[in-house]
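A.B. asks: Residue numbers for the sequence shown follow the working numbering, beginning at 24 and rising by one. Every residue, glycine too, gets a C-beta built ideally from N, C-alpha and C.
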Amino acid sequence: MKNKLNIYFSIVLMMLSFFSVINALNMINYDYSIMMEWLITSINSCNIYMTLIFDFMSMIFFSTVSFISSIVILYSGDYMKEEKFIDRFIYIVMMFVLSMMLLILSPNMISLIIGWDGLGLVSYCLVIYYQNNLSNNAGMLTALMNRIGDVMILMSIAWMLNFGSWNFISFIDKMNMNNMMMLIIIAGFTKSAQIPFSSWLPAAMAAPTPVSALVHSSTLVTAGVYLLIRFNLIIMQFNLIKLMMLMSIITMIMSGMGANFEFDLKKIIALSTLSQLGMMMIILLIGYPLLSFFHLIIHALFKASLFLCAGIIIHNFNNNQDIRMMGCLSYQMPLTMTMMNIANMSLCGMPFMSGFYSKDLIMEMICSQNQNIFVLILMFIGVILTSFYTARLTFYSMNTDFNFYKLSSMMESMNYMMMSIMMLTAYSIMSGSLFSWLILMEVNIIIIPFELSVMTLVLVMISAWISYEISMFSKSKMTLLNEFIGSMWYMKQISTFHNQLFVLNPSKNFQKFIDLGWGELLGPMGLVNLNFKLTFLNMKIIENNFKIQMISFIFWMILLLLI
């Protein structure tokens, strides 16, 4: 049972993915959607429905999540074969996947909160799966940061009582919904880890690597982007849309800079995810939700491939994640490094990898818009930083000397792990053109100067070369800069500062002065001490009983003589 459970679930999810693609093609061809709802209960005049929607967007995303989940569960069978409770792990992952599927198919705030809350709760169980202090702290940070988004969704549910229904898909023509939009955008920003809620995403790397591949490709972090894509027509009426876009640009730059100063392999890939989430948010807030969805799907496929390749490397390096210990891996693990570099090139937007079809189109659309030069410069800086950390990762893993134990052996066996990555690598190459034919059905003619159209590609090439040169320099003189950028601009400290200042410190003083002070003295310990003294007095009375009787006899005799 232990060795077969992951295969059963993997086959079921793969079949779901296949049928979802067929349905998506049918819906695109005949231009129709299906909406189903069940009346759960009725409170006065307000009906609570369980609603599901099947349109081409939900079906394509459902298919992508099912496919990646199938690959990850198949991969987990070999990656975690030494795990004693692997069945429990597979069941938790399946609960996570089902929560994401419910969120994808929900056009109703009541059914959406079930999937949304399920993602938050199950992700906490997965982050703390390896039970140690680091995992517990990371899990608590992840859970509490995501609870902010959960509260915003609950407040938006309360706000939508004004409309008498929670089917948000029915209110896309409402103009004055700024209050509810603020709640929805904050919820989307917390789930997709945009500033100021970015600190939980690298911390979630404490989870097992297959979970990281699932969380940071197609499930948890993309839920916020997907929610805002569904609300896109109302979002464009929001007053603070430019401020939200600026925060996403800063998130993209901050994560790109942090990845260039990071040495943990999984955290580098996690920060690259944060950078791409910033790009999805930017193009969405500019007004191109379909293009944001296109990049979301493409990114999910090659990022899952990148994480699973990193998992094989970590597996062979005896759970070591420091890229400085790696080197010459093209000789040790040629197939793994080939597939990892394909995913890396797709991340950079190299022609004609899958990432090129979405990333280059996004940059061209931004250049063709009426955006100011400040936004354009920041966007190009974000693209340059992506090439920087990708080239840096390639340099450390392939061009340097082998710095691990000299007697260690690396091996690549054709097991489920390698088969899984091969399937994802094929999609990392083909999915760009494939999904561009499916999703981008309208022909957009973009008229920009030739220099501007090739600028993205030229910057990718130049920045890869500059990154190689910079990696030769010593960074010993830049300690403060390393600390500032490597800690994501002290984002984690800032995020947890108010908790420490307003909650933990007063709680500590309360415990010190009340629980361990007067409360202890006048409470349990005081009663114990009083009971001890009374018991001691009673023992003394019993021991000296004869003496007391003789003294009492003498006292009464003297009293009688005096009388």
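Along the chain, where does the alpha helix (DSSP H) that runs through N341 open and close?
C.D. replies: Here N341 belongs to no alpha helix (DSSP H), and DSSP marks it neither H nor E.
A.B. asks: Start and end of the alpha helix (DSSP H) containing E105?
C.D. replies: Here E105 belongs to no alpha helix (DSSP H), and DSSP marks it neither H nor E.
A.B. asks: Which runs of the alpha helix (DSSP H), 4 residues or longer, sit entirely within the region 338–392?
C.D. replies: Segments of the alpha helix (DSSP H) lying fully in the region 338–392: 352–355, 357–371 and 377–391.
A.B. asks: Can you pull the DSSP bridge partners for T274?
C.D. replies: In DSSP, T274 forms no bridge with anything.
A.B. asks: Measuring CB atoms only, is the region 52–59 touching the region 77–89, in the sense that at least three cross pairs come out at less than 8 Å?
C.D. replies: Cβ pair count under 8 Å is three or more, so yes.
A.B. asks: Suppose you measure from the CA of S456 to the CA of Y450; what does that come to, to the nearest Å?
C.D. replies: So the alpha carbons of these two residues sit roughly 10 Å apart.
A.B. asks: Which partner residues of C69 appear in the DSSP bridge assignment?
C.D. replies: In DSSP, C69 forms a bridge with I66.
A.B. asks: In three-state terms, what does DSSP make of M259?
C.D. replies: Note: M259 maps to coil in three-state DSSP.
A.B. asks: Would you mind sorting M562 into buried or exposed? The rule is 16 or more other CB atoms within 10 Å of its CB.
C.D. replies: Classification of M562: exposed, given that the 10 Å Cβ count is below 16.
A.B. asks: Which residue's Cα is closest to the Cα of F317: T245, F340 and N262?
C.D. replies: Comparing Cα-Cα distances from F317 to each of T245, F340 and N262, the minimum goes to T245.
A.B. asks: For W182, which three-state DSSP category applies?
C.D. replies: In this structure, W182 counts as helix in the three-state DSSP scheme.
A.B. asks: Which first and last residues belong to the alpha helix (DSSP H) in which I309 is found?
C.D. replies: It spans L288 to I309 - the alpha helix (DSSP H) in which I309 sits, taken as one unbroken run.
A.B. asks: Less than 7 Å between C-beta atoms, sequence neighbours within five positions excluded: which residues of the same chain meet that for I385?
C.D. replies: Contacts found: M302, I306, L314 and H318.
A.B. asks: Do the region 154–172 and the region 205–218 make contact, defined as three or more Cβ pairs closer than 8 Å?
C.D. replies: Yes, since at least three Cβ pairs between the region 154–172 and the region 205–218 fall closer than 8 Å, the two stretches touch.
A.B. asks: In the DSSP assignment, find the alpha helix (DSSP H) that holds N438 and state where it starts and stops.
C.D. replies: That residue, N438, is in no alpha helix (DSSP H); it is neither H nor E in DSSP.
A.B. asks: Could you give the DSSP three-state label for T74: helix, strand or coil?
C.D. replies: It is a strand residue.
A.B. asks: Is the beta carbon of M270 less than 8 Å from the beta carbon of I218?
C.D. replies: A contact, by the Cβ cut-off of 8 Å.
A.B. asks: Leaving out the 5 sequence neighbours to the left and right, which residues in its chain are closer than 8 Å to L149 when beta-carbon positions are compared?
C.D. replies: Cβ within range, chain order: I115, V116, F119, A230, P231, V234 and V238.
A.B. asks: Answer with buried or exposed for K382, where buried requires no fewer than 16 other C-beta atoms within 10 angstroms of its C-beta.
C.D. replies: So K382 ends up on the buried side.
A.B. asks: Taking the alpha carbon of E105 as the point to measure from, which residue in S377, Q572, H338 and L583 has its own alpha carbon closest?
C.D. replies: The residue with the shortest Cα to Cα distance from E105 is H338.
A.B. asks: Is there contact between the region 320–328 and the region 342–359, where contact requires at least three CB pairs shorter than 8 Å?
C.D. replies: No, the region 320–328 does not touch the region 342–359.
A.B. asks: Report yes if the C-beta distance between I309 and M277 is below 8 Å; otherwise report no.
C.D. replies: Against a cut-off of 8 Å, the Cβ pair of M277 and I309 comes out as no contact.
A.B. asks: The alpha helix (DSSP H) spanning K27 covers which residue range?
C.D. replies: K27 -> no alpha helix (DSSP H), and no H or E assigned at all.
A.B. asks: From the DSSP output, in three-state form, read off E285 for me.
C.D. replies: Looking at E285 - three-state DSSP - the assignment turns out to be coil, as it is neither helix nor strand.
A.B. asks: Could you tell me which of Y147, V88, Y102 and F108 sits nearest to M123, measuring between CA atoms?
C.D. replies: When only C-alpha atoms are compared, the closest one is V88.
A.B. asks: Going by beta-carbon coordinates alone, are S328 and M362 separated by less than 8 Å?
C.D. replies: In contact: S328 and M362 (Cβ atoms closer than 8 Å).
A.B. asks: If you reduce the DSSP assignment to three classes, tell me which class M118 lands in.
C.D. replies: Helix at M118.
A.B. asks: Starting from the Cα of I508, find the closest Cα among T274, I207, I51 and L164 and give me that residue.
C.D. replies: Among T274, I207, I51 and L164, the Cα nearest to that of I508 is on T274.
A.B. asks: Below 7 Å CB to CB, which residues in the same chain sit around N438 once its five sequence neighbours on both sides are set aside?
C.D. replies: Excluding positions up to five away in sequence, the list reads D101.
A.B. asks: Rank M440, Q572 and I192 by C-alpha distance to the C-alpha of I258 and give the top, closest one.
C.D. replies: Of the listed residues, the one whose Cα sits closest to I258 is I192.
A.B. asks: Tell me the residue span of the alpha helix (DSSP H) that contains Y55.
C.D. replies: Neither: Y55 is in no alpha helix (DSSP H) and is coded neither H nor E.
A.B. asks: Would you mind stating whether S420 and L370 have Cβ atoms separated by less than 8 Å?
C.D. replies: Not in contact: S420 and L370 (Cβ atoms no closer than 8 Å).
A.B. asks: Cutting at 8 Å between CB atoms, please list the residues of its own chain near K289, excluding the five before and the five after it.
C.D. replies: So the list reads M228, T232, S235, F330, A333, I337 and Q344, once near-sequence residues are dropped.
A.B. asks: Compute the Euclidean distance between the alpha carbons of I91 and A161, then round it to the nearest angstrom.
C.D. replies: Cα to Cα, the separation comes out at about 24 Å.
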